[in-house]
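Here's the structure, in structure tokens; my notes come after.
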Amino acid sequence: PHLSALRVHNTFLFIAGIVTVLAAYANNFITLALYAGVFGFVIAPHASLLLSVICDCAGLDRYITAISVLLLVRGVSKSIGVFATDHHVISKIGYFVSYRNSYNLAFMLSDAMIIISAFLHMCLSRVQLERLQEKKVVEKEMENIDV
Numbered sequence: 009p010h011l012s013a014l015r016v017h018n019t020f021l022f023i024a025g026i027v028t029v030l031a032a033y034a035n036n037f038i039t040l041a042l043y044a045g046v047f048g049f050v051i052a053p054h055a056s057l058l059l060s061v062i063c064d065c066a067g068l069d070r071y072i073t074a075i076s077v078l079l080l081v082r083g084v085s086k087s088i089g090v091f092a093t094d095h096h097v098i099s100k101i102g103y104f105v106s107y108r109n110s111y112n113l114a115f116m117l118s119d120a121m122i123i124i125s126a127f128l129h130m131c132l133s134r135v136q137l138e139r140l141q142e143k144k145v146v147e148k149e150m151e152n153i154d155v
């Protein structure tokens, strides 16, 4: 069976969101260390497979443009995140920690964003499927051309 990089990426990204939901229940050092280890393990495919997923979905002809857009979006989101944080909080978790005096809301927001990101990445599998179908049609047309 074929296991695509996109499917592995999406699965582990979704699991990372679920693991972050459970982080709110980590109340001592052992559970926090366990959370950190599991989260690091399941988020690693996101970091390592993202560029190959972009190449698979966008193709080599649009690879540089796709990475440029990705970096632009990341830069804008990080800039917004800097302005949204409360600079008096050392951990930089931000406004939610100051407002609620608890990290639970910050973790709930972050896990919601990770899970939404996983669902948006799952939409890419549709794009990849359409691209593969186009490629098969082109290959079939090339076979039918008489030289």
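This note's numbering applies: residue 9 is where the sequence shown begins, and numbers increase by one.
The beta carbon of each residue, even a glycine, is placed where N, CA and C say it ideally should be.
Check                                                                                                                                                                         : Outcome
Excluding the 5 residues flanking L79 on each side, which residues of the same chain have their C-beta closer than 7 Å to its C-beta?                                         : none
By alpha-carbon positions, which one of R15, F20, A31, T19 ends up nearest to S118?                                                                                           : A31
According to the neighbour-count rule (16 or more other Cβ atoms, all chains shown, within 10 Å of its Cβ), is G45 buried or exposed?                                         : exposed
Report back the beta-carbon spacing between H129 and L21 to the nearest angstrom; my notes put them in contact at under 8 Å.                                                  : 6 Å
Does the region 70 to 79 come within contact of the region 142 to 152, defined as at least 3 CB pairs closer than 8 Å?                                                        : no
Let's test the definition: count the other Cβ atoms within 10 Å of the Cβ of F115 and tell me whether it reaches 16, buried, or not, exposed.                                 : buried
Using a threshold of 9 Å, state whether the C-beta atoms of C157 and V135 are closer than that.                                                                               : The requested residue 157 does not occur in the structure, where the chain is confined to residues 9 to 155.
Label N18 either buried or exposed according to how many other C-beta atoms from any shown protein chain fall within 10 Å of its C-beta, with 16 as the threshold for buried. : buried
I need the boundaries of the alpha helix (DSSP H) containing H129, first residue and last residue.                                                                            : 112 to 152
Could you tell me how far apart the beta carbons of H54 and A13 are, in whole angstroms, since I believe they sit closer than 8 Å?                                            : Not a contact, Cβ separation roughly 11 Å.
Do V81 and L132 have their beta-carbon atoms positioned less than 9 Å apart in this structure?                                                                                : no
Which same chain residues, not among the five before or five after L59, have their C-beta less than 8 Å away from its C-beta?                                                 : I75
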